[in-house]
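Participant:
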Amino acid sequence: MSAFRRDKKEEEEGSGNPFQNIEKTTVLQETRTFNDTPVNPRKCTHILTKILYLLNQGEQLSTTEATEAFFAMTKLFQSRDVILRRMVYLGIKELSAIAEDLIIVTSSLTKDMTGKEDLYRAAAIRALCSITDVTTLQGIERYMKQAIVDRNSAVSSAALVSSLHLTKIAGDVVKRWVNEVQEAVNSDSVMVQYHALGVLYHIRKSDRLAVNKLVAKLSHMSLKSPYAVCMLIRIACKLLEDEDSSGGGSSDSPLFEFIESCLRHKSEMVIYEAAHAIVNLRRTTSRELAPAVSVLQLFCSSPKPTLRFAAVRTLNKVAMSHPEAVTACNLDLENLITDSNRSVATLAITTLLKTGAESSVDRLMKQIASFVSEISDEFKIVVVQAIRALCLKFPRKHSVLMNFLSAMLRDEGGLEYKASIADTIITIIEENPEAKETGLAHLCEFIEDCEHTSLAVRILHLLGKEGPRTKQPSRYIRFIYNRVILENAPVRAAAVAAMAQFGAACPDLLPNIQVLLARCQMDTDDEVRDRATYYYSILETQDKPLANHYIVEGLQVSIPSLERALHQYTMNPTDVPFDMKCVPLAAVPSEEIVNPSAKGGQADGMLISAASSGSKVLAVAATVSREESYAEKLRSVPELVAFGPLFRSSEPVELTESETEYVVRCIKHSFPQHLVLQFDCVNTLSDQLLENVRVEVETPTGYQLVQEIPCPRLSYSETGTAYLVFQFPEELGATVGTFNATLKFLVKDCDPATGLPDSDEGYDDEYMLEDFEVTLGDQIQKVTKANFGAAWEEAGATHCELADTYSLSNMGTLEEAVKNIISFLGMQPVERSDRIPEGKSSHTLLLAGVFRGGYEILVQVKLALAAAVTMQLTVRSTNPEVAELVTSAVG
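Okay, structure coming up:
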């Protein structure tokens, strides 16, 4: 053991990283020292440390370099120095994935593994198993079995952990060691028992009954290892989640009773694991949560910071789904606001913001103000997210909350932090009409000193969208034009676009806007000049529909798809003008509101990320449309290229239960004239190979089968795809209907281990699938309308209009009616008309969409609530048949 001792003075010599400037070539040349006789342990240890440092810093060694270093390393086995020998073991492990012919050290490692020197044995086992493959494992199997039950806990643990890694390459061999592993579960060593349980679970995890028996047996034993009990709790949770019939976290289950009993364990680790497990179970009721919350409440007053952090973090998560269950802990959480650990304080305040009453908001905001300046940007973002949720929960408190957010905007901070505050203010503006004026005023003040171009552009876009609809639109022009005078080119361009929005929507401001745009035509930047000229020319015509179409609404096509279509058009010269209708529409941006009750831990996840790694939190996420993601796959199928651009893709429809022999789901792709049905199939039978997998359907009248593309081969647990292509009926009313489907295939019995068929012959079989429908919504793409009133008025002169009245007797509330209408029609609610103010007995829902082929649809739905919901539906469309289809489909 004296070899481990080093003078403290030696450690203190020098400063910084001694390996910072080492080079790979130099270090590899130094490995020649390994051939010296006698071996210099200290010098060789230092060289090995350099090699390990390079590898762990991501330095790449070629196979030749790694092999040469390895062979030089083997000469070090002649030294008896303990530290050097252990470094050799580490070197072998690190080089095992790169070097060749490592098998030559098997005998030396086996000797060390079975020798009397305990300091060698555990490390030798780990190194040996890292170079072992299926063919050589049987040679050391006897030694591994002995090591698993070795009296030395370090040796036993090393053998068990290595066995766990070996299950990936030789699972069948490791299964033969089950008796030894079971004996290790009874070990007195805390770590051996934990590792043994892990190996035993991995051996049995594919056999649900065996895992159930394992948990039932061990839950009645008094396991000495708290780590093992924690693992047992996690296994029990997985079993509970898999038992759909038991209702997830049902308190009637013996598994749940075991987890709940662990709340009374003597180890704090186990108690927390049990509480955490109960909180995270699906379908857990408030009554079942109560004992877990009580335990977490006690941990909140623990002198240990780790326990306080764990408890408040878990309560934060509970508050997202069951805020009433956490209310009892509010006093303890308030005490944690002043906690010296700022992670704990931040989580405590965000939890309180989710569970507190409206009357406590003012007091909570004062408490936040006392410490918010002391925490980092990452933690501030978490607080902002919690304030956003509070604004949505208590709309009447928008003034207090936005004043607080405005003060935070004026503080120092990075882009992500400022963007999160701006996002929150924008969300409040869009969700609460009463807060619009105040929120826009705060944002106007902020852009006066905003240092971030992307944020200034986004706020200017919002001002252009919302400003013209306020009571005094002119008050915002000064703030916008100041950006033209003072800012860089991208901000100036955004300001020009925002001013044009005012000119298009506010006739009384048009002369002033034209003067300002005329000045912008002399800008030094070509983008700014081009925009100003473009908008000035449109506004000068005083053609309201033209301004509405090109300024207010803007282009709604997918930009990547437009680029692709234009490229294809230029590659194939033609006299036919380019048609914008051939370009797929862009995805309607769905702004994700960070509502903790719905988002399942976003703010909590941010805090954990910030606390652990200090990583940046992105405030804005790009949305990729479903159509764009599927279009790439469909383009890779040559037979589908001829049907033109993809118009609409549906959500996947499950045609089987998830536990059946064959799992099939259908995605409906609508093209201008064709319907492509994509069937994703999974074979869950390991002893069967399926070939020529196809789906036969009975179609409604009018559909014509154009093409069938079967899946040639479907192995176990793989996903294969078959396609059917139909031509839509000429009569639009016949396009809505039910399809009956049957899965057909050729079955070949095969060896489950290899997946190879027993013979070339097979037999035909079929499997009934659930029926599915092609609906109206499958043929309509959502679009937005920034000014629905102007679009509706314009459509009155150019579109066909149909109206009808319906009684929705099966719907008892306006909210239910709105939700069902939107889902059925598959159109986009605009101007936030899908939100119904409290206490209203009448409401108007506004919808916009485009039918395949490029036919615009505008819908106005007037709802009134009496004994039942009465609906007056008015449809305006560029195609009379489409208008008739919408009204008849609703009827």
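Counting in the UniProt record's numbering, the sequence shown runs from 1 upward without gaps. Beta carbons: idealized from backbone N, C-alpha and C, even for Gly.
Restricting to Cα atoms, I'd like to know which of Leu756, Glu773 and Tyr716 is closest to asparagine 740.
Facilitator: When only C-alpha atoms are compared, the closest one is Glu773.
Participant: Would you mind reading off the limits of the beta strand (DSSP E) that contains tyrosine 143?
Facilitator: Element bounds for tyrosine 143: not the beta strand (DSSP E) but the alpha helix (DSSP H), 134-148.
Participant: For serine 717, which residues of its own chain have a beta-carbon under 8 Å away from its beta-carbon, when the five flanking residues on both sides are left out?
Facilitator: Excluding sequence neighbours, serine 717 sits near Val682, Asn683, Thr684 and Ser686.
Participant: What residue range is occupied by the uninterrupted beta strand (DSSP E) comprising valine 663?
Facilitator: From DSSP, the beta strand (DSSP E) with valine 663 extends over 662-670.
Participant: Less than 7 Å separating the beta-carbons of alanine 127 and isoleucine 92?
Facilitator: Yes.
Participant: Counting only the same chain and skipping the five closest in sequence on each side, list residues whose C-beta sits under 6 Å from that of glycine 644.
Facilitator: The residues are Phe671 and Pro672.
Participant: Helix, strand or coil for alanine 889, going by three-state DSSP, please let me know.
Facilitator: Three-state DSSP puts alanine 889 in a helix.
Participant: Whose CA, out of Asn572, Ile559 and Thr110, lies closest to the CA of proline 584?
Facilitator: Per the Cα distances, Ile559.
Participant: For a test of the three-state rule: what should DSSP assign to phenylalanine 679, helix, strand or coil?
Facilitator: Note: phenylalanine 679 maps to strand in three-state DSSP.
Participant: To the nearest angstrom, report how far apart glutamate 747 and threonine 660 are at their CA atoms.
Facilitator: For the record, residue 747 in the displayed sequence is valine; it is not glutamate. Their Cα atoms are separated by approximately 16 Å.
Participant: Within its chain, find whatever has a CB closer than 6 Å to the CB of valine 384; leave out the 5 residues flanking it on each side and keep chain order.
Facilitator: The answer, listed in chain order, is Ser420, Ile421 and Thr424.
Participant: If you draw a straight line from the C-alpha of valine 181 to the C-alpha of leucine 825, how long is it?
Facilitator: Approximately 59 Å, taken between the alpha carbons.
Participant: Within 10 Å of its beta-carbon, does glycine 467 have 16 or more other beta-carbons around it, so buried, or fewer, so exposed?
Facilitator: Classification of glycine 467: buried, given that the 10 Å Cβ count is 16 or more.
Participant: Kindly indicate the opening and closing residues of the beta strand (DSSP E) around histidine 843.
Facilitator: Start and end: 842-851.
Participant: For glycine 796, does the three-state DSSP call read helix, strand or coil?
Facilitator: If DSSP states are grouped into helix, strand and coil, glycine 796 belongs with the helices.
Participant: Go ahead and pull the three-state DSSP assignment for alanine 210.
Facilitator: The answer is helix: DSSP assigns alanine 210 an H, G or I state.
Participant: Suppose contacts are defined by Cβ-Cβ distances below 7 Å. Is cysteine 711 in contact with valine 693 by that definition?
Facilitator: Yes.
Participant: Please list the segments of the alpha helix (DSSP H) lying wholly inside the region 470-538, counting only runs of 4 or more residues, in order along the chain.
Facilitator: Here the runs fully enclosed are 477-486, 489-505 and 510-520.
Participant: Taking only three categories from DSSP, how would you classify leucine 646?
Facilitator: Reduced to three states, the DSSP call for leucine 646 is coil.
Participant: Tell me which residue opens and which closes the beta strand (DSSP E) that leucine 873 is part of.
Facilitator: Unbroken beta strand (DSSP E) run through leucine 873: 869-877.
Participant: With 16 as the cutoff for other CB atoms within 10 Å, does glutamate 273 come out buried or exposed?
Facilitator: By the neighbour-count rule (16 or more Cβ atoms within 10 Å), glutamate 273 is buried.
Participant: Return the chain-ordered list of same chain residues with a C-beta closer than 7 Å to the C-beta of alanine 275, the five sequence neighbours on each side being excluded.
Facilitator: So the list reads Leu263, Ala292, Val295, Leu296 and Thr314, once near-sequence residues are dropped.
Participant: Could you tell me the boundaries of the alpha helix (DSSP H) in which glutamate 68 lies?
Facilitator: It spans 63-74 - the alpha helix (DSSP H) in which glutamate 68 sits, taken as one unbroken run.
Participant: Taking contact to mean at least 3 C-beta pairs separated by less than 8 Å, is the region 24-34 in contact with the region 73-89?
Facilitator: The answer is yes - the region 73-89 touches the region 24-34, with three or more Cβ pairs under 8 Å.
Participant: Rounded to the nearest angstrom, what separates aspartate 508 and alanine 348 at their Cα positions?
Facilitator: Rounded to whole angstroms, aspartate 508 to alanine 348 spans 51 Å at the Cα level.
Participant: Taking only the alpha-carbon atoms, compute the straight-line gap between arginine 42 and isoleucine 140 and give it to the nearest angstrom.
Facilitator: Their backbone Cα atoms lie some 32 Å apart in a straight line.
Participant: Between the Cα of threonine 656 and those of Asp449, Asn330, Arg665 and Leu102, spot the shortest distance and give me the residue it belongs to.
Facilitator: Minimum Cα distance to threonine 656 is reached at Arg665.
Participant: Roughly how many angstroms separate the alpha carbons of cysteine 750 and glutamate 761, rounded to a whole number?
Facilitator: Those two C-alpha atoms are separated by around 11 Å.
Participant: Is it buried or exposed for methionine 606, if we count other Cβ within 10 angstroms and need 16 for buried?
Facilitator: Any reading at methionine 606 needs caution, since the residue's pLDDT is 36, under 50, leaving its predicted position unreliable; the model's value is listed next. Methionine 606 is buried by the Cβ-count criterion.
Participant: Looking at the unbroken alpha helix (DSSP H) that takes in asparagine 820, where does it start and where does it end?
Facilitator: Element bounds for asparagine 820: 814-825.
Participant: Starting from glycine 91, follow the alpha helix (DSSP H) in both directions and report where the run begins and ends.
Facilitator: That run of the alpha helix (DSSP H) goes 82-95.
Participant: Locate the alpha helix (DSSP H) running through glutamine 781, then write down its first and last residues.
Facilitator: Here glutamine 781 belongs to no alpha helix (DSSP H); instead the beta strand (DSSP E) covers 780-782.
Participant: When the distance is taken between beta carbons, is alanine 889 closer than 7 Å to valine 736?
Facilitator: Yes. Within cutoff.
Participant: Assuming glycine 503 contacts leucine 539 (C-beta within less than 8 Å), just tell me the rounded distance between them.
Facilitator: Their Cβ separation, rounded to whole angstroms, is 5 Å, which keeps glycine 503 and leucine 539 in contact under 8 Å.
Participant: Starting from the Cα of serine 382, find the closest Cα among Ile368, Pro395, Phe394 and Lys393 and give me that residue.
Facilitator: The sequence as given places valine at residue 382; serine does not occur at that position. Among Ile368, Pro395, Phe394 and Lys393, the Cα nearest to that of valine 382 belongs to Ile368.
Participant: Relative to the alpha-carbon of alanine 277, which residue among Met231, Thr813, Pro490 and Val830 has its alpha-carbon at the smallest distance?
Facilitator: Checking every option, the nearest Cα to that of alanine 277 belongs to Met231.
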